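Asks: I am attaching a structure below and will ask some questions about it afterwards.
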Amino acid sequence: MAYGGPQGYGAPQPGGYHGPQGGPHGGPYQPPGYVQPPKKKGMNGCLLAFLITGGLFLVMGIGGGIWFYISFKDFVDASGDMMGIVVKARNAPGTDEVRELGCQDAVALDMKELTKVAQRFEDAMAKRENREPKELDLDDEAAYYVQCSNPKKKLSCEDVAKTFIKAVEPKGRIVVGVQTGSSSKECTETFDQTGKKLGAGQAPNLDVQ
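Under the numbering used here, think of the first position of the sequence shown as 179, with each following residue one higher.
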């Protein structure tokens, strides 16, 4: 005599197991579906390249660094000088006001220092290319070169010049540049100390980001 109970818990019958995992109506046992394990996170390609490069520099050690400095001394020295004047220029008087105008970054460089360092780069390049260096056509008589980088809104060189002159009251004329990318300039213009536009200016692009 069989006790009344839920289907699947009576006496076993041929053809299959009638438990919770048994197939319906005594059908064959169906194994649970295969669940693929989660993928392991691999090393980021950029990170791997960085580690490989770092390892190579470790192997090269001090000797490699000395070789690099001797071979490219003029470039290294000029780069160090440029870095120094850019750091100084980012904190120069008037740059806070230019940033408040809408520039993501701003520099105000001493034009004589900028011309000197830019010429060092040209001299070093000419030496390696076995040619006579070019005389860079920069306005070394201007007091400052002011650059507005990546403005958040449409800004003209005149907008930047007026803001800088009001904040600093420079003693001589200034060259102003508005740069929208690492190598794209909206304008480069020269102004006298009152803000009057004198014409087009000349200055190199500076990646200060």
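Note that CB positions come from ideal geometry on N, CA and C, so glycine has one too.
Since this is a predicted model, take the numbers as computed values, not measurements.
Indicate whether the contact test is met: 3 or more Cβ pairs, each with one atom in the region 333 to 346 and one in the region 275 to 293, closer than 8 Å.
Replies: yes
Asks: Just to confirm, are Asp283 and Asn328 a CB contact at a threshold of 8 Å?
Replies: yes
Asks: Does the beta-carbon distance from Tyr322 to Leu287 come in below 8 Å?
Replies: Inclusion of Tyr322 and Leu287 in the CB contact set at 8 Å is warranted, their separation being smaller than that value.
Asks: If you reduce the DSSP assignment to three classes, tell me which class Lys349 lands in.
Replies: coil
Asks: Let me confirm a value: Met261 is counted as buried when at least 16 other C-beta atoms fall within 10 Å, else exposed. Which label applies?
Replies: exposed
Asks: Assign Pro348 to one of two classes, buried (16 or more other C-beta atoms within 10 Å of its C-beta) or exposed (fewer than that).
Replies: buried
Asks: Under a three-way DSSP split, which group does Gly377 fall into?
Replies: strand
Asks: In the DSSP output, which residue or residues are listed as bridge partners for Gly355?
Replies: Gln325, Thr366
Asks: Comparing alpha-carbon positions, which option in Val353, Gly379, Glu310 lies nearest Val285?
Replies: Val353
Asks: Helix, strand or coil for Gln282, going by three-state DSSP, please let me know.
Replies: Shown here, Gln282 sits in a strand according to DSSP, grouped into three states.
Asks: Take Cys365 and list the residues in its own chain whose beta-carbon comes closer than 6 Å to its own, dropping the five residues that flank it on each side.
Replies: Cys335, Val356
Asks: Within this structure, are the beta carbons of Ala320 and Arg298 separated by less than 8 Å?
Replies: no
Asks: Let me know if Thr358 comes out buried or exposed under the rule of 16 or more other beta-carbons within 10 Å of its beta-carbon.
Replies: Per the 10 Å Cβ criterion, exposed.
Asks: Between the alpha carbons of Thr293 and Val338, how many angstroms are there, rounded?
Replies: Those two C-alpha atoms are separated by around 21 Å.
Asks: Glu307: buried (16+ other C-beta within 10 angstroms of its C-beta) or exposed?
Replies: exposed
Asks: Under the three-state reduction of DSSP, which class applies to Leu287: helix, strand or coil?
Replies: strand
Asks: To which residues of the same chain is Pro271 closer than 8 Å at the C-beta, ignoring the five residues directly before and after it?
Replies: Ala286, Ala345, Val346
Asks: For the candidate residues Ala304, Asp301, Ala267, whose alpha-carbon lies nearest to that of Glu291?
Replies: Ala267
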